[in-house]
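Step one of this worksheet: look at the structure below.
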Amino acid sequence: MRRTTFAAVLALALAAGAPPVLAQSPQPVPAAELARSVDIPFEAFTLDNGLRVVVHTDRKAPVVAVAAWYNVGAKDEPEGQTGYAHLFEHIGLFNPTENLPGGLMEPLRAIGATDWNGTTWFDRTNFFQTVPTSALDQALYMESDRMGHLLGALNQERLDNQRGVVQNEKRQGDNQPYGLVYYAQLEALFPPGHPYRHSTIGSMADLDAASLEDLRQWHRDNYGPNNAVLVIAGDIDAATAREKVQQYFGHIPRGAVNEPAQADIPTLPARIDQLMHDRVPNTRLYRTWVVPGMLADEAADLQVAASVLGGLASSRLDNALVRGDETATSVGTGYQPFHRIGMFTVTVDVKPGQDADAVSRKLDALIADFIANGPTADEIARTVTSTLSGQIQALEPVGGFGGKAVVLAEGELYADDPGFYRKELADLGAVTPASVKAAMDRWLTRPVLATRVDPGEREPYAEAAATRPAPAPAEPLPVSPREPMPPVGPMKALDFPTVERARLSNGMEVIYARSTTVPTTRVAVEFNAGVAADPADAPGTQRLMLDLLTEGTAGKTAVQIAEEEERLGAGIAAFGSVDRTTVALTAVSANLEPSLDLLADVIRNPGFRPGDIERRRNQQLAAIAQEKSSPNGMGARALPLVLYGPDHPYGRAWSGLGATEAVQALDREDLAGFHQRWIRPDNAQLFIVSDRPLAELTPLLEARFGTWTAPAVAKGVKAFDTPVPPARPRVVLIDRPQSPQSLIMGGVVLPVTGRDDLVTLNAANEVIGNGFLSRINQDIRETRGWSYGLSGRVNLLEHQTPYIVNAPVQSDRTGESIAVLIEQYRAFLGDRGVTPAERDRTVNGNVRQLPGSFETSAAVLNALRSNALYGRPDNYWETLAPRYEALTPGAMDAAARQVLGSGDMVWVVVGDAAVVRPQLESLGMEVEVRAAR
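Here it is in structure tokens:
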């Protein structure tokens, strides 16, 4: 759950003179008015074979989302077949079909699909992609071949490959801090045989035992058209959609009828206190109840209860445990509604050094008090407004993980009504303090599962079998040929929104583009600072300063800021990339003026109260400790220092959390000084994407930022003249015991910057490193099954840019994986360069994905920001298509060889040294062992 934690602050402003008096703004609009913005018109029909189809028309961009949802998930798996739904999602996503022997990934990339993936959860499996309108016929052909023509292409080798990939996906998740908790919670909450008792990923043993015939029968039982919902949303009308769906899906016969498993809501006979251990820096407490699911009348009440208790930035638990007695560094509460049941979970990270038993007792008392007294009407109103604002923003894309297609599909699949979202909104609007209290009285006074994870050695891990018995022979299945896949029609060129500019009276530049799909405004005030601006002897300064911006201003406490955001349906976030520092606002446009007031106050008038500094310092120290306990955090902390050295601005952890000793030593003067040197109008640009025209917005921005003046102190300067250490290929090993996976990170600093023309280089790198179809991913993931996924990317920075490989692999294949990576890069940079087919796939995909790449205002805003950072013209994105089309394999090879050279890298490995060090030493390279820093 993402939210910002605030603290009460009353302090002086840093800017010269008194805090500015901001213009008075209108009051927030009522939630009912916001709710009217949530509307998804649709038409629905059903084919003779039972396929339910929902169509939504949205002409904002020449793209169409295609999403196939099947009413089968983990809850439908019988004993001994856990993980089958998810395993079959992988088979459907990555394996060939009967009429597409090369699989779907290559043609999807070639047509420029965006937002394409597949997912599995307790209740459903889905496959989705957003494609250019002229490629819709191809997308429907592929989706229908996946539905009706898959089994004849599934063989033992392909099953074994995806089994290995899925088992590495499991290892990757299990390898994270607290990664084994969910399994234990499910087994404690649900009785044996309950459909929700096992995780979606399944057990290693059941995955090992899955046979080819098992998976064939699983498909026959569950993936017929009569068990599916197909949503088509975007640049299409219902009549055209009906004709096309009938053409491509109408011939598929009905399958077996899968009635989704029924499941009751179990009640524990008594409280369960569950103790676990993990290699983590602090104790974490959980409280979990099984409650009603998404179709229940109490769903909205439970959602509101979770938000008020621990979801809002102003939540009860934040105020009591994080801001109040400061015994916790973070809290969270969530209601997860599933089809048949829901889960209500509270999480508390105990502050290191605190008495976890005392925090646990206080947590129980706080929950009991909330259940007994319920929320206030104001807390409910703020929750409803925040929820509606999020819903409006989520409906901007037509597809993907959370767009309009998802809302329609969920409604039809679970409630037999694509418009079910209307009932959900109505229920949310009808919530009262009494209804929330009644729901909690009924469901949260039952016995709770209280899980506690203490630092220590992990419990034993159940690995996959080292070897599996030879599979029983299976007869090949007949293949059902059909007409060839249709060609892609003429593509529309990208029409990027017109970029407009203004300048405030103090010189601040405003860069604007209009987006009218949803009534929202996004603002990013960006400063030329970033992690690279951190003092070399005080890394973490920027992060602590940024966290304190939203802790309070000269005139507002943290709680007042949080509550105002919630009433407005606004979100303010302060964050830093490597090169830039940003304070961003997302607001519903109806509440833009008071939201801008709040943004300006946060930026211009930080409080930096000593008590808040201490609290945020302790939270940052806890975050550093967490980062040092996770494989990704450990690797990401090590690699920049190895590549750039300790004196270079890029030679520190790019998360910006900094070093423990440095953060411990920071004081108010350090933070105020950083703000004065870097967070100032003469070091800023203001980016904005809105449904309102620039002529309306400029006076609003002028009133809030135009009078801002720079302080007398000199503006900060970053020292990029520090030399980068000479490259020295070797292995740097960071020991992390009990790790079922190793994280491999390879890197080299390139002789280019982010402001250089890297179009050809990046196109060439798609062949070897970037994307699912890259050679390294196809080899180590798809052919060998040693990883859930890996990549190699040109990691764009404003100045000297690195190339970074990220490869989590199973521990017993660590050394072999590095050897494979070394060989793949040497071959690519040698005599096995880009082939004509790889060139065509890369060029077609990059050209055709452009019109769908800027469907949302967030994507447009990020494009404006990256253009400014890398010195690109306003029409940069519109110039790319002809440049891609002019590429040749030879030009791509030349760019890769010129910049990547021999491909020699330094390899940082985070893993269990007892397992991986002998493998690494066999590579014949220097192995340097380091502790996590």
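If you want the numbering used here, it's the position in the sequence shown, counting the first as 1, plus 541.
For glycine and all other residues, C-beta sits at the position ideal for the given N, C-alpha and C.
Would Q1460 be called buried (16 or more neighbouring beta carbons within 10 Å of its own) or exposed?
Per the 10 Å Cβ criterion, buried.
Which value, in whole angstroms, describes the spacing of the CA atoms of E1469 and V1450?
Distance between the alpha carbons of E1469 and V1450 is about 10 Å.
What are the uninterrupted segments assigned as alpha helix (DSSP H) that are 4 or more residues long and contained completely in the region 1384-1464, given in chain order?
Every unbroken stretch of the alpha helix (DSSP H) spanning 4 or more residues and falling wholly within the region 1384-1464 is given here in chain order: 1398-1410, 1417-1426, 1430-1441 and 1454-1462.
Quick check on F1228: buried or exposed, where buried means 16 or more other Cβ atoms within 10 Å of its Cβ?
Result: buried.
Can you look up L1337 in the DSSP assignment and give me helix, strand or coil?
It is coil, neither helix nor strand.
Does the distance from the CB of I882 to the CB of Y682 come in under 8 Å?
For the 8 Å CB-CB criterion, I882 and Y682 do not form a contact.
Hey, how far is the Cα of Q726 from the Cα of T623?
Going by the C-alpha atoms only, they are around 16 Å apart.
Near W759, what residues of its chain come up, given a Cβ to Cβ distance below 7 Å and the 5 sequence neighbours on each side ignored?
If you ignore the 5 residues before and after W759, its C-beta comes within less than 7 Å of the C-beta of Y625 and F629, all in its own chain and listed in chain order.
Going by DSSP, which residues form a beta bridge with T638?
Its beta-bridge partners are L641.
Please name the residue, chosen from L592, E618 and T1420, that lies closest to L1035 on a Cα-to-Cα basis.
Cα-wise, what sits closest to L1035 is T1420.
Quick check on E620: buried or exposed, where buried means 16 or more other Cβ atoms within 10 Å of its Cβ?
Here E620 is exposed: its Cβ has fewer than 16 other Cβ atoms, across all protein chains shown, within 10 Å.
First through last residue of the alpha helix (DSSP H) which encompasses L990
Not the alpha helix (DSSP H): L990 falls in the beta strand (DSSP E), residues L990 to P996.
Hey, would you say G1288 sits closer than 8 Å to V1447, going by beta carbons?
Going by C-beta atoms, G1288 is nearer than 8 Å to V1447.
Beta-carbon proximity check, T917 vs K892, cutoff 8 Å:
Going by C-beta atoms, T917 is not nearer than 8 Å to K892.
What whole-angstrom Cβ distance do A501 and A774 have, given they're in contact under 8 Å?
The structure shown has nothing for residue 501, since the chain only spans 542 to 1474.
Cβ-based burial, L1045 [other Cβ within 10 Å; buried from 16]:
So L1045 counts as buried.
For E647, which residues from the same chain have a beta carbon less than 7 Å from its beta carbon, with the 5 sequence-adjacent residues on both sides left out?
Counting only Cβ-Cβ distances below 7 Å, and skipping sequence neighbours, we find L1314 and R1382.
Using the Cβ count rule (16 or more neighbours within 10 Å means buried), how would you classify R600?
When all chains shown are included, R600 counts as exposed.
By Cβ distance below 7 Å, which residues in the same chain neighbour P561 in space, the five residues on each side in sequence not counted?
Confidence at P561 is low in this model, with a pLDDT of 35, below 50, so the placement of that residue should be treated as unreliable; the coordinate-derived value is given next. Around P561: R1145 and T1248.
Have a look at L756 and L691 and give me their C-alpha separation to the nearest angstrom.
One C-alpha to the other measures close to 11 Å.
With a CB to CB cut of under 6 Å and the five nearest residues on each side skipped, what residues in its chain are close to L551?
For L551, the predicted model reports a pLDDT of 20, less than 50, meaning its position is unreliable; a value from the coordinates is still stated below. Taken in chain order, the list of residues that qualify is empty.
For V1230 and A1399, the rounded distance between their alpha carbons:
Here the C-alpha atom of A1399 lies approximately 8 Å from the C-alpha atom of V1230.
Report the residue from G970, G940 and V1375 whose alpha carbon sits nearest the alpha carbon of I921.
Looking only at G970, G940 and V1375, the smallest Cα-Cα distance to I921 is reached by G970.
For the beta strand (DSSP E) holding N658, just list the boundary residues, first then last.
Start and end: T655 to T661.
Nearest-angstrom Cα distance between A1260 and R1269?
One alpha carbon belongs to A1260, the other to R1269, and they sit about 23 Å apart.
Looking only at its chain, what residues have a beta carbon closer than 7 Å to the beta carbon of V1029, apart from the 5 residues adjacent to it on each side?
So the qualifying residues of the chain are I652, S675, A676 and Q679.
Would you call the region 1427-1440 and the region 1368-1376 touching, i.e. three or more CB-CB distances under 8 Å?
Yes, they touch.
What distance in whole Å lies between the Cβ atoms of A1043 and Q1226, which are believed to be in contact at a cut-off of 8 Å?
Actually they do not touch by this definition, with Cβ atoms about 12 Å apart.
Specify, as a first and last residue, the run of the beta strand (DSSP E) that I1113 falls within.
First-last of the beta strand (DSSP E) with I1113: G1112 to G1117.
What three-state label does DSSP hand T1123 in the structure shown?
Strand at T1123.
Where T661 falls, given that 16 or more other Cβ within 10 Å makes a residue buried:
T661 sits buried, since 16 or more C-beta atoms from the chains shown fall within 10 Å of its C-beta.
Which of helix, strand or coil DSSP assigns to N1069
In the structure shown, N1069 sits in coil (DSSP, three-state: anything other than H, G, I, E or B).
Check: T1098 C-beta below 7 Å from any heavy atom of the ligand FMN:
The model depicted lacks the ligand FMN and carries no ligand whatsoever.
I'd like to know whether the C-beta atoms of G940 and F635 end up nearer to each other than 8 Å.
Here G940 is not near F635, since their CB atoms are 8 Å or more apart.
When burial is assigned at 16 or more other CB atoms within 10 Å of the CB, is S1463 buried or exposed?
Under the 10 Å beta carbon count, S1463 is surrounded by fewer than 16 other beta carbons and is classified as exposed.
So the candidates are A1065, T1061, T1123 and V925; which of them puts its Cα closest to the Cα of A841?
With respect to the C-alpha of A841, the residue from A1065, T1061, T1123 and V925 having the closest C-alpha is V925.
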